[in-house]
């Protein structure tokens, strides 16, 4: 199966299915800049999306703004303005502004539910469902994965604040009452998805730390007895120099159980920040073992709404629902709108290669004298 | 109490107490470059140090070398040589060599026991006690904290490999048999010490992640039901711009229980990589709460062996033993030799200030228009 875009994804003709115009701002002094990167799940016969809604204050030409949630009791927000052209200001990235070594976000994100009977037309709730809370979410909460474990939905999201970003955990059974469990993986970590069942008696998770001196932004696993505490961290898949996933990789939504193992859809970015989706196949009984990895993206930014927007050339998915051989991927396009596409699991499996050992986390035996 | 060096530490007149000349190489083709950063403990009436021994191959003038442990079954090591002056080579840091974006260590570290009856004169074991093992320790193991929990000693150390560095856990009861528990905190993390008792029913730890986009190298806490799995990560103390601990801070050995709370000796580095020791006081029942923080270092590089060496201007401690009001700190000086000094707990407490709220992890309400 392939559509006009030339990859393995059959995009919804209705794309984009949710845009900022569909989302009511959370406060009268904010506008919705982007709606993106939804978690996805089924509940009570409907499809739910947990959208990331990124808001910012009204823009003035002479100023660059950043926005921070207060955590000192009053639950308001603070707008920080920087004069455009200030030599101490770096505003080259539309998502982040850096001033004298301190980084701020230009938007503040919360999570909001949207519901659909057909999986295509969604009605977005009028109010935020989950907002940042406490001192470690003052820059917002983002990019939530939703994994169903029995009757419990397990939400893993990025908690962002001035001192870093880690993975927060919230659980719910009814999508009305939510329980917060704090930060389960410390900074710098994001792109974290819990497996939909225990393996070898333990919960498992994929996560994405970012290392500075050694390594980079790779996919790791960990295990847990209780979802709250995690250990046995292992690096299982690394960026591939010179390829489409050379700069950063990170998990999408929960891996999908197939007859061949756990199929994990992941995102990869290259050195020019172009984000595509690819696939990994993990051993059924030992998901720290990568059996196979797709050589090429299974989906890449090609439609107009994927190439142009708030941050162009991005397809990024952290939510999908599965029906037999079909996986419906919900994804953020250009960090600005929400879209949908269908992929066939059998087609994803078909194009996998046994994993190239040179891409495994252990560095291969180096050339004894690379400069001779 | 103060000695001629002008800080609160009374240095051993015998310093340095262990030097590379006291340590037999682990292999005939390696030399011991540095012995540093010991964990410290009492066992069976003696004082034990778990030294970090950093080795490297014989040096040739025209080459810069790095060294890696194999993890593919054969337990050997690999030397990588780079031609000095190669434009793709950055060898400006004696500890790390970077070639075409990949970082390597110039030395390979293992851990080795040394024993003493008087806490001053140590006999170093002939062979390594613990070496790197498996794919996530190919660059060695470093800087072990030792915490006694009942009859069990809990060893937390830096596990280093090409894709990052995390915190590994090993336990022992007799210092002969050791049990490895894998990586308990993922990359990039080090400087991790377990508290010597449970608090509120949970084990507690201090750790030091390093964040890139937001924040930096701060001290965090976490808690655990079993020492193996960790959650509820919180940033509790941050670097202080313009001060002696402006660039990086990290825990020393296990915090010391006092009548006023948990006294944590930590290291801080400034922007010129000068490493000093300072102190934090944490709430007895809630060690995520910083009660007070020392304004100045309690120990700073001043003796000749602290100012000159493999990496000069460094005092770094991850091991101490406590007798009443006296804490004997064992420390690495200039990343090259092991030294000892005494500090009085009462004197450390006396110079503490109630914590400056502006240094707390939550960024203060920002100036609404800092460039106006």
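Protein chains in written order, with the working numbering: chain A, -3 to 368; chain B, -3 to 368.
Ideal Cβ placement from N, Cα and C applies to all residues, glycine included.
Since the model is a prediction, treat every value here as computed from it, not as a measurement.
- At least one C-beta of chain A is nearer than 9 Å to the C-beta of residue 231 of chain B.
- The C-beta of residue 202 of chain B comes no closer than 9 Å to any C-beta of chain A.
- Under the DSSP assignment, residue 341 of chain A falls in the alpha helix (DSSP H) whose first and last residues are 341 to 346.
- Taking 9 Å as the CB threshold, residue 209 of chain B lines the interface with chain A.
- Residue 18 of chain A carries a helical assignment under DSSP once its states are collapsed to helix, strand and coil.
- Under a criterion of Cβ atoms nearer than 7 Å, the residues of chain A adjacent to residue 214 of chain B are, in order, 159.
- For residue 300 of chain B, the enclosing alpha helix (DSSP H) starts and ends at 300 to 303.
- If you draw a 10 Å sphere on the C-beta of residue 56 of chain B, you find fewer than 16 other C-beta atoms in it, and that means exposed.
- Using beta-carbon distances, residue 162 of chain B counts as an interface residue toward chain A, with a partner under 9 Å.
- At a cut-off of 9 Å between beta-carbon atoms, residue 219 of chain A makes contact with chain B.
- Per DSSP, residue 155 of chain A is one residue of the beta strand (DSSP E) stretching across 148 to 157.
- The Cβ atoms of residue 167 of chain B and residue 181 of chain B lie no closer than 9 Å to each other.
- DSSP places residue 29 of chain A inside the beta strand (DSSP E), whose first and last residues are 26 to 39.
- A direct Cα-Cα distance of roughly 22 Å separates residue 162 of chain A from residue 148 of chain A.
- Its Cα nearest to that of residue 99 of chain A, the residue A/86 stands out among A/321, A/294, A/86, A/238.
- Shortest Cα-Cα distance from residue 197 of chain B to any of B/212, B/222, B/214 involves B/222.
- Inclusion of residue 345 of chain B and residue 254 of chain B in the CB contact set at 9 Å is warranted, their separation being smaller than that value.
- When secondary structure is reduced to three states using DSSP, residue 174 of chain B falls in the strand class.
- Nearest C-alpha to residue 75 of chain B among B/276, B/64, B/321: B/64.
- Taking a 10 Å sphere around the C-beta of residue 106 of chain A, we find 16 or more other C-beta atoms and assign the residue as buried.
- Contacts between residue 111 of chain B and chain A, judged by CB atoms closer than 9 Å, are missing: the closest CB pair is about 31 Å apart.
- Annotation: the continuous beta strand (DSSP E) that includes residue 166 of chain B extends over 160 to 168.
- Per DSSP, reduced to three states, the secondary structure at residue 66 of chain B is coil, with no helix or strand assignment.
- Straight-line measurement puts the Cα of residue 23 of chain A at about 44 Å from the Cα of residue 284 of chain A.
- A direct Cα-Cα distance of roughly 11 Å separates residue 303 of chain B from residue 272 of chain B.
- According to the DSSP assignment, residue 87 of chain A belongs to the beta strand (DSSP E) that extends over 85 to 89.
- One finds 177, 178, 179, 180, 224, 225 in chain A with Cβ atoms closer than 9 Å to the Cβ of residue 228 of chain B, taken in chain order.
- Beta-bridge pairing by DSSP links residue 261 of chain B to B/275.
- Within the stretch 308 to 324 of chain B, no residue places its CB atom closer than 8 Å to a CB of chain A.
- Residue 186 of chain A has A/204 as its beta-bridge partners, per DSSP.
- Sequence-distant Cβ neighbours of residue 279 of chain A in its own chain, meaning closer than 6 Å and more than five residues away, are 257, 285, 287.
- Residues of chain B with a Cβ closer than 8 Å to the Cβ of residue 99 of chain A are, in chain order, 209, 210.
- Taking CB atoms only, residue 167 of chain B has no neighbour in chain A less than 9 Å away.
- The beta strand (DSSP E) runs lying completely inside the stretch 87 to 115 of chain A and spanning 3 residues or more are 92 to 95, 98 to 101, 104 to 112, given in chain order.
- Residue 184 of chain A and residue 300 of chain B have their alpha carbons spaced roughly 38 Å apart.
- Under the 9 Å criterion on CB atoms, residue 234 of chain B is classed as interfacial with respect to chain A.
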